[in-house]
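To start, the structure under review is shown below, and the notes come after it.
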Amino acid sequence: MTTTVLLLVPTDATPDHLAVDLAQRMLRRGCRVVVIGTDVGVLLDAVRGYGSARAAAVVGDHGDAADRDALMATARSCFGSLDLVVDPMRGTLDNTPAHTLALAA
């Protein structure tokens, strides 16, 4: 079974290379990866070299409550269920605040 990972790309001052490195590392390990963020260039770098069967980029602000449900529905439509949500600013699903846990439900 292939693990499907949702990577929330930070919209603040976090270095862009962090999200790109995380996505590329997960892809190299065989995961399917969906990245969500507002910087199209960073999203494309994060999934570069992998086709739509393994990687997807969704443009939007996951920090905006009004957009969150639509973004999550789009992310799920790419590969079906999500096995893990990774937020580089808060850690992984196991130790995230309630709003990020709700994203994975």
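Counting in this note's numbering, the sequence shown runs from 274 upward without gaps.
We treat Cβ as the ideally placed atom computed from N, Cα and C, and that holds for glycine.
Residue i versus residue j: straight-line alpha-carbon distance, rounded
{"i": "Asp294", "j": "Asp318", "result": "9 Å"}
{"i": "Leu357", "j": "Val313", "result": "22 Å"}
{"i": "Leu344", "j": "Arg301", "result": "25 Å"}
One or two residues paired with residue i in a DSSP bridge
{"i": "Leu357", "result": "Val278"}
{"i": "Gly333", "result": "DSSP lists no partner for Gly333."}
{"i": "Val308", "result": "Leu280 and Ala330"}
DSSP-derived helix/strand/coil call for residue i
{"i": "Arg301", "result": "helix"}
{"i": "Gly314", "result": "helix"}
{"i": "Ala215", "result": "Examination of residue 215 is not possible in this model, given that the chain is present from 274 through 378 alone."}
Residue i beta carbon near the ligand PLP (any heavy atom closer than 8 Å)
{"i": "Pro361", "result": "As presented, the structure is devoid of all ligands, the ligand PLP included, so that no description of it is given."}
Assumed close pair residue i, residue j - CB separation to whole angstroms, cut-off 8 Å
{"i": "Ala329", "j": "Cys304", "result": "Rounded, the Cβ-Cβ distance is 12 Å, inconsistent with contact."}
{"i": "Ala296", "j": "Leu280", "result": "5 Å"}
Start and end residues, alpha helix (DSSP H) containing residue i
{"i": "Ala346", "result": "Ala338 to Phe352"}
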